[in-house]
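Asker: First the structure, which I've put down as structure tokens, then a few questions once you've had a look.
Number of protein chains: 2
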Amino acid sequence: MPHATFFNLPEAKRELIVNHAVEEFYQAGYEKASISKIVERSKIAKGSFYQYFENKDDLYLYLIERIHRQKREAAALVYQDPEGTDFVEFLRRLFLSGISFFLEHPKYAAIANEFMTLPKEVNGTFLSAGLNESHRYLAELIERKKARGEIGSGIDSDTLARMTTFFSMHFADFFMKHYASGAEEDRYVREVDHMLRIIERGIR
Amino acid sequence: MPHATFFNLPEAKRELIVNHAVEEFYQAGYEKASISKIVERSKIAKGSFYQYFENKDDLYLYLIERIHRQKREAAALVYQDPEGTDFVEFLRRLFLSGISFFLEHPKYAAIANEFMTLPKEVNGTFLSAGLNESHRYLAELIERKKARGEIGSGIDSDTLARMTTFFSMHFADFFMKHYASGAEEDRYVREVDHMLRIIERGIR
DNA sequence: ATAGAATGTGACTACATAGTCATATGACTG
DNA sequence: CAGTCATATGACTATGTAGTCACATTCTAT
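Which chain is which? The protein sequence lines are A and Y, in order.
Read in UniProt numbering, the first sequence has 98 at position 98, and its numbers run on one by one without any break.
Read in UniProt numbering, the second sequence has 108 at position 108, and its numbers run on one by one without any break.
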């Protein structure tokens with residue numbers, strides 16, 4: 001966690017540092033990101049940095065937390081009324097929310113994405129805790145929907161929950177790799193519909 | 001491409017260097033992997049390294065190529081008779097082959113996996129070319145299977161092809177994140193069956 | 001046996017980085 | 001106003017790295 005000195009900073013300065021850090025982590029990636037460069041860009045002294053943060057990881061994990069919080073906020077209305085929403089519609093909203101975030105905050109999305117691929121020494125408990133929480137929530141939701149007959153009784157809840165997490169986490173990024181030059185939102189929306197058709201009724 | 005000097009080396013020495021390089025890239029990851037350490041581990045002189053390779057990327061991309069070739073060879077029998085094999089069975093073999101590779105060569109799998117997440121400056125044309133080739137092959141196979149009624153006519157071939165690539169590339173890795181301590185092959189096989197149930201007949 | 005080519009070597013240069021610390025500046029308080 | 005505490009600073013240290021190069025060794029062909 002950043003030191004108190006950092007949170008005591010006037011908001012403008014704090015956000016300036018955060019923004020330059022985001023830029024650096026986005027451009028260079030976690031490993032190559034350089035404190036010296038962040039300090040230079042932000043026009044603060046090297047010593048000041050260490051008055052605000054313990055080290056690189058301290059800053060990085062703070063950014064990850066911010067991004068994660070923002071992503072959750074953006075997805076809030078997906079989780080509005082999950083019980084009253086058909087599961088396929090729920091998936092549609094979940095995926096589209098992920099895509100919107102990706103398109104609106106490409107740098108945040110890229111950083112969050114790299115974070116998930118990092119060795120456990122870095123993402124530590126944070127990632128697996130998040131995965132577990134998300135998995136449990138989905139698996140239980142699916143169980144209830146199975147009981148109500150909205151989802152077939154032959155479906156393995158854990159598997160479906162994992163597939164859902166999997167897609168919502170990696171879809172936008174993966175899809176972008178196919179359209180190297182980038183695609184418009186429209187294109188993503190159609191892809192989601194095609195995927196949902198398969199998830200709902202299978203490939204036969 | 002490595003220089004001729006490297007390929008002129010006695011095979012034992014060549015493989016020794018390769019193995020130490022794999023170890024280093026596996027442990028440290030692409031960015032932090034250090035030529036100095038590879039050289040030290042391999043007990044060759046720094047100067048010799050530069051007689052074999054242009055630089056770090058030269059070695060790295062050579063490793064990636066080897067790993068990719070090996071993975072393709074391991075998956076050879078998946079592509080034996082795709083037309084005569086039911087698509088779901090084809091998927092099962094494809095996924096299981098990926099899982100086997102992952103379990104038998106965890107270091108190779110980890111390196112290949114990181115490669116896909118690297119910025120385009122590194123994985124360059126190699127990745128997108130591979131993705132495109134794989135996608136085209138699958139999309140055409142799916143088209144033919146649709147014509148034969150094996151796959152529903154309402155299915156979007158491109159989407160199904162992308163989902164297939166997606167799963168075969170990331171599944172094992174993702175699944176492992178859930179079972180941090182690692183799972184036995186048996187566990188993976190069951191998960192694949194559950195997934196195929198959903199892909200074949202949908203979640204209803 | 002010998003010339004000449006190919007290969008091996010490791011000390012060295014040049015550079016970048018993380019993190020420290022003595023000192024300066026500001027802010028607040030009794 | 002004096003004194004104390006919080007914050008700012010940037011030169012400096014210690015460390016690690018990629019890549020070079022003049023020289024040593026080994027191999028090959030005549």
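We put the beta carbon where it would ideally sit given N, CA and C, even for glycine.
None of the values given here were measured: they were computed from a predicted structure.
Report back the beta-carbon spacing between residue 175 of chain Y and residue 188 of chain Y to the nearest angstrom; my notes put them in contact at under 8 Å.
Answerer: Locating residue 175 of chain Y in the second sequence gives position 175, where the first residue counts as 1. Locating residue 188 of chain Y in the second sequence gives position 188, where the first residue counts as 1. Indeed they touch by this definition, with Cβ atoms about 6 Å apart.
Asker: Report the start-end ranges of each alpha helix (DSSP H) in the UniProt DNA-binding region "H-T-H motif" (34–53) of chain A that is 4 residues or longer and not cut off at the edges.
Answerer: 35–42, 46–52
Asker: Counting along the chain, where does the alpha helix (DSSP H) carrying residue 116 of chain A start and finish?
Answerer: By 1-based counting over the first sequence, the position of residue 116 of chain A is 116. Taken as a continuous stretch (DSSP letters only), the alpha helix (DSSP H) holding residue 116 of chain A covers 106–117.
Asker: So, for residue 113 of chain A: in the same chain, excluding its five sequence neighbours on each side, which residues have a beta-carbon less than 7 Å away from its beta-carbon?
Answerer: Within the first sequence, residue 113 of chain A is the residue found at index 113, counting from 1. Correct list, in chain order: 173.
Asker: Using Cβ-Cβ distances below 8 Å, what residues of the stretch 174–193 of chain A are close to chain Y?
Answerer: Contacts with chain Y (Cβ-Cβ distance below 8 Å) from the stretch 174–193 of chain A involve 174, 175, 177, 178, 180, 191, listed in chain order.
Asker: Anything in chain A within Cβ reach of residue 151 of chain Y, meaning under 9 Å, just list it in chain order.
Answerer: Position 151 of the second sequence, counted from the first residue, corresponds to residue 151 of chain Y. Simply 203, 204.
Asker: For residue 36 of chain Y and residue 28 of chain Y, which I take to be in contact (beta-carbon distance under 8 Å), what is that distance rounded to the nearest angstrom?
Answerer: Counting from one through the second sequence, the residue named residue 36 of chain Y turns up at place 36. Counting from one through the second sequence, the residue named residue 28 of chain Y turns up at place 28. Not quite, the Cβ-Cβ distance comes to about 11 Å (not below 8 Å), so this is no contact.
Asker: Can you tell me the Cα-Cα spacing of residue 116 of chain A and residue 97 of chain A, whole angstroms?
Answerer: Within the first sequence, residue 116 of chain A is the residue found at index 116, counting from 1. Within the first sequence, residue 97 of chain A is the residue found at index 97, counting from 1. Distance between the alpha carbons of residue 116 of chain A and residue 97 of chain A: 19 Å.
Asker: By how many angstroms is the C-alpha of residue 184 of chain Y removed from the C-alpha of residue 77 of chain Y?
Answerer: Numbered from 1 along the second sequence, position 77 holds the residue referred to as residue 77 of chain Y. Numbered from 1 along the second sequence, position 184 holds the residue referred to as residue 184 of chain Y. Taking the straight line joining both Cα atoms gives about 23 Å.
Asker: With a 10 Å radius around its C-beta and 16 neighbouring C-beta atoms as the bar for buried, classify residue 125 of chain Y as buried or exposed.
Answerer: Residue 125 of chain Y sits at position 125 when you count from the first residue of the second sequence. Residue 125 of chain Y comes out exposed.
Asker: Rounded to the nearest angstrom, what separates residue 47 of chain Y and residue 17 of chain Y at their Cα positions?
Answerer: Within the second sequence, residue 47 of chain Y is the residue found at index 47, counting from 1. Within the second sequence, residue 17 of chain Y is the residue found at index 17, counting from 1. Going by the C-alpha atoms only, they are around 14 Å apart.
Asker: For residue 49 of chain A, does the count of other Cβ atoms within 10 angstroms reach 16, so buried, or fall short, so exposed?
Answerer: For the purposes of this step, residue 49 of chain A is taken as residue 49 along the first sequence, with counting starting at 1. The residue in question, residue 49 of chain A, is buried, as its Cβ has 16 or more Cβ neighbours within 10 Å.
Asker: With burial defined as no fewer than 16 other Cβ atoms inside 10 Å of the residue's Cβ, what is the status of residue 123 of chain A: buried or exposed?
Answerer: On the first sequence, residue 123 of chain A is found 123 positions in, with the first residue counted as 1. It is buried - the Cβ of residue 123 of chain A has at least 16 other Cβ atoms within 10 Å.
Asker: Spatial neighbours of residue 196 of chain Y within its chain, please: CB distance less than 7 Å, with the 5 preceding and 5 following residues excluded, ordered by chain position.
Answerer: For the purposes of this step, residue 196 of chain Y is taken as the residue at position 196 of the second sequence. If we look at residue 196 of chain Y and ignore the five residues flanking it on each side, its Cβ neighbours are 88, 91, 92.
Asker: Against chain A, which members of the stretch 115–127 of chain Y pass a CB distance test of less than 9 Å?
Answerer: 116, 117, 118, 119, 120, 127
Asker: Check distances from the C-beta atoms of the stretch 89–105 of chain A to those of chain Y and list, in chain order, the residues that come in under 7 Å.
Answerer: none
Asker: Starting from residue 170 of chain A and walking both ways along the alpha helix (DSSP H), at which residues does that stretch end?
Answerer: For the purposes of this step, residue 170 of chain A is taken as the residue at position 170 of the first sequence. First-last of the alpha helix (DSSP H) with residue 170 of chain A: 157–178.
Asker: Does any residue of chain Y bring its CB to less than 8 Å from the CB of residue 170 of chain A?
Answerer: Within the first sequence, the letter at position 170 stands for residue 170 of chain A. Chain Y contact via Cβ: present.
Asker: Does residue 61 of chain A get closer than 8 Å to chain Y when you measure Cβ to Cβ?
Answerer: Taking the first sequence and counting its residues from 1, one reaches residue 61 of chain A at position 61. Not one chain Y Cβ lies under 8 Å of residue 61 of chain A.
Asker: CB-CB under 7 Å to residue 21 of chain Y, same chain, minus the five flanking residues each way: which ones, in chain order?
Answerer: Translated into the one-based positions of the second sequence, residue 21 of chain Y becomes position 21. The residues are 38, 59, 63.
Asker: Measuring only between beta-carbons, confirm whether residue 1 of chain Y sits less than 8 Å from chain A.
Answerer: Residue numbering aside, residue 1 of chain Y sits at position 1 when the second sequence is read from its first letter. Not an interface residue.
Asker: If the criterion is Cβ atoms closer than 8 Å, does the pair residue 170 of chain Y and residue 178 of chain A meet it?
Answerer: Here residue 170 of chain Y refers to the residue found at position 170 when the second sequence is read from its first residue. Here residue 178 of chain A refers to the residue found at position 178 when the first sequence is read from its first residue. Not a contact, by the Cβ cut-off of 8 Å.
Asker: Under a CB-based cut-off of 8 Å, is residue 199 of chain A close to chain Y?
Answerer: Along the first sequence, one-based indexing puts residue 199 of chain A at 199. Yes, its Cβ sits closer than 8 Å to a Cβ of chain Y.
Asker: I'd like to check one pair, residue 160 of chain Y with residue 198 of chain A: are the Cβ atoms closer than 8 Å?
Answerer: On the first sequence, position 198 is the one that residue 198 of chain A refers to. On the second sequence, position 160 is the one that residue 160 of chain Y refers to. Going by C-beta atoms, residue 198 of chain A is nearer than 8 Å to residue 160 of chain Y.
Asker: Note down the Cα distance separating residue 139 of chain A from residue 157 of chain A, rounded to an integer number of angstroms.
Answerer: As a working note, residue 139 of chain A is residue 139 in the first sequence. As a working note, residue 157 of chain A is residue 157 in the first sequence. Spanning the two alpha carbons is a distance of roughly 5 Å.
Asker: Does chain A have any CB closer than 8 Å to the CB of residue 164 of chain Y?
Answerer: Locating residue 164 of chain Y in the second sequence gives position 164, where the first residue counts as 1. Chain A, which has no Cβ nearer than 8 Å to the Cβ of residue 164 of chain Y, makes this no.
Asker: Relative to the alpha-carbon of residue 204 of chain Y, which residue among A:86, A:191, A:107, A:193 has its alpha-carbon at the smallest distance?
Answerer: For the purposes of this step, residue 204 of chain Y is identified with residue 204 of the second sequence, where counting begins at 1. For residue 204 of chain Y, the nearest C-alpha among the options comes from A:86.
Asker: Going along chain A in order, which residues have a C-beta closer than 8 Å to the C-beta of residue 32 of chain Y?
Answerer: As a first step, residue 32 of chain Y is located in the second sequence; it is residue number 32 there, counting from the start. Simply 31.
Asker: Are the C-beta atoms of residue 35 of chain A and some chain Y residue less than 8 Å apart?
Answerer: In the first sequence, the residue the question calls residue 35 of chain A occupies position 35. Closer than 8 Å: no.
Asker: Residue 156 of chain A versus chain Y: which residues are under 7 Å apart at the beta carbon?
Answerer: Residue 156 of chain A sits at position 156 when you count from the first residue of the first sequence. Those within 7 Å of residue 156 of chain A in chain Y are 194.
Asker: If you follow the alpha helix (DSSP H) that residue 199 of chain A is part of, which residue opens it and which one closes it?
Answerer: Here residue 199 of chain A is taken as the residue at index 199 of the first sequence, counted from 1. Unbroken alpha helix (DSSP H) run through residue 199 of chain A: 185–201.
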